[in-house]
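J.:
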Amino acid sequence: LVELAVLKPLGVNRLDFKHVREATPIIPPPHRDESEEAEALQALDEEMRVLANAGIKTPTWAEEYNYRSNANL
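Residue numbers for the sequence shown follow the numbering used here, so the first one is 6 and each next one is one higher.
#1: By the 10 Å Cβ neighbour count, where 16 or more other Cβ atoms means buried, how is Asn77 classified, buried or exposed?
#2: Val7 and Leu20 - do their beta-carbons sit closer together than 9 Å?
#3: Ala59 to Ile32, Cα distance in whole Å?
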């Protein structure tokens with residue numbers, strides 16, 4: 006689809022091209038190391054506490070789907 010999106014504005018059906026360098030592997034986000042993951046979880050826990058204190062509770066069944074719940078905070 007990306008190729009078609011580029012070719013259409015150029016008004017051509019194909020375009021001969023040359024590689025100018027080797028392809029670079031891309032790690033899709035989110036990719037976190039252990040310290041970044043711990044930091045993100047700490048921020049999430051704090052956000053869940055703030056929401057719980059404001060009376061906004063998430064359902065406990067969310068945990069069955071690997072989401073966090075603040076219902077017991």
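All C-beta atoms, glycine included, are put in the ideal place defined by N, C-alpha and C.
T.: According to the data block:
#1: Here residue 77 corresponds to residue number 72 of the sequence shown, with the count starting at 1. Burial call: exposed.
#2: The residue you call residue 20 lines up with position 15 of the sequence shown. The residue you call residue 7 lines up with position 2 of the sequence shown. No, they are not a contact pair.
#3: As a position in the sequence shown, residue 59 is number 54, starting the count at 1. As a position in the sequence shown, residue 32 is number 27, starting the count at 1. If I take the Cα positions, the gap works out to 37 Å.
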